[in-house]
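Contents: one structure, followed by commentary.
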Amino acid sequence: MALPARRRVALTNLAQAFPALSPAERRRIGRRSFQHFGVLFVELAATLARPLERTLATLHLEGLEHLRGVMATHGRALVLTAHLGNWELLTAAHRLTGYPLSIVVRPLDSAPLNTLAERLRRKSDAELIDKRGALRPVLRALADGRMVAILLDQNATRRESVFVPFFGRTASTSKSLAVLAVRTRTPVVPIFIRREGRRHRVTIHPPLAPPAVNDVERAVVELTMRCTAAIETAIRQVPEQWLWTHDRWRTRPAAEGGP
């Protein structure tokens, strides 16, 4: 099931996320996840080799009315998404919404996949914002009436994170999206993609409810919890299409003596 170290991480994560499943069932999800990412790599290469319109024809958008409502009332949106399905095709999907997209990015762990992803992002006319020093470019993008997408399903350092529940265990999660949403009063719209045969379903969900507290720190934690819950719900629908090889629970709270 791929490289031993990656396999161990995937099986450990699956045991954490699905304790009620048998080891055989978790191994099956793990195998299908590795197969999924093999297909993803081929899809990205094929997308770069053909007109973008052919890729757009494989995408089915649902829930566009939610995004239109947010853009009509606020003129900007923060998009919550994750490394689920062929998430890189979301950069192409924005062409179907009619709204400009900026993406906060960091290099992917796989160098070949990162090269393909960067080329696809540029081909789809999405603005790329480096995670390092992203604050000013993100604020400018929001002021310009753009959607700003942030992937929020990866482990974060303790300095930049809050610990919130994720599949039954606290996970160190970047607070960047919640801080932006709270301070700029920008709605957070969850958007996820999943593969369905040779096509891809892009689901735009209603914006997350704003925090019910006035204290900024508590509001950030509350909204981050809602973001993570939305991601978990999406993953549970197609667990074989998520990145289980990522060490999501690596950073631990200081009370646990973790890194």
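In this text, residue positions in the sequence shown follow this note's numbering: the first is 4, and each later residue adds one. Note that the Cβ used here is the ideal one computed from N, Cα and C, for glycine as well.
Residue environment for Val192: buried (at least 16 other C-beta atoms within 10 angstroms of its C-beta). Rounded to whole angstroms, Gly66 and Leu99 show a C-alpha spacing of 12 Å.
For Thr176, the enclosing beta strand (DSSP E) covers residues Arg172 to Ser177. Ala96 sits buried, since 16 or more C-beta atoms from the chains shown fall within 10 Å of its C-beta. The DSSP-derived three-state label of Arg221 is helix.
DSSP places Ala129 outside both helix and strand once states are collapsed to three, so it counts as coil. Proximity to Arg202 across Ala49, Ala212, His63 and Gln240 peaks at His63, based on C-alpha coordinates.
CA-to-CA, the gap between Thr231 and Val167 works out to about 8 Å. Classified as buried, Gly33 has 16 or more neighbouring CB atoms from the shown chains inside 10 Å of its CB. Judged by DSSP secondary structure, Arg9 falls outside any beta strand (DSSP E) and instead within the alpha helix (DSSP H) spanning Pro7 to Ala20. Closest in C-alpha terms to Ile153, from the list Ala18, Phe21 and Val82, comes Val82. When Glu225, Val219 and Pro256 are compared, the shortest CA-CA separation from Arg162 is found for Pro256.
Ala184 counts as buried, since at least 16 other C-beta atoms from the protein chains shown sit within 10 angstroms of its C-beta. By the beta-carbon neighbour count (other beta carbons within 10 angstroms, threshold 16), Val45 is exposed. In this structure, the straight-line span from the alpha carbon of Gln157 to that of His249 is close to 7 Å. Nearest neighbour of Ala146 by Cα position, chosen from Ser179, Ala120 and Arg188, turns out to be Arg188.
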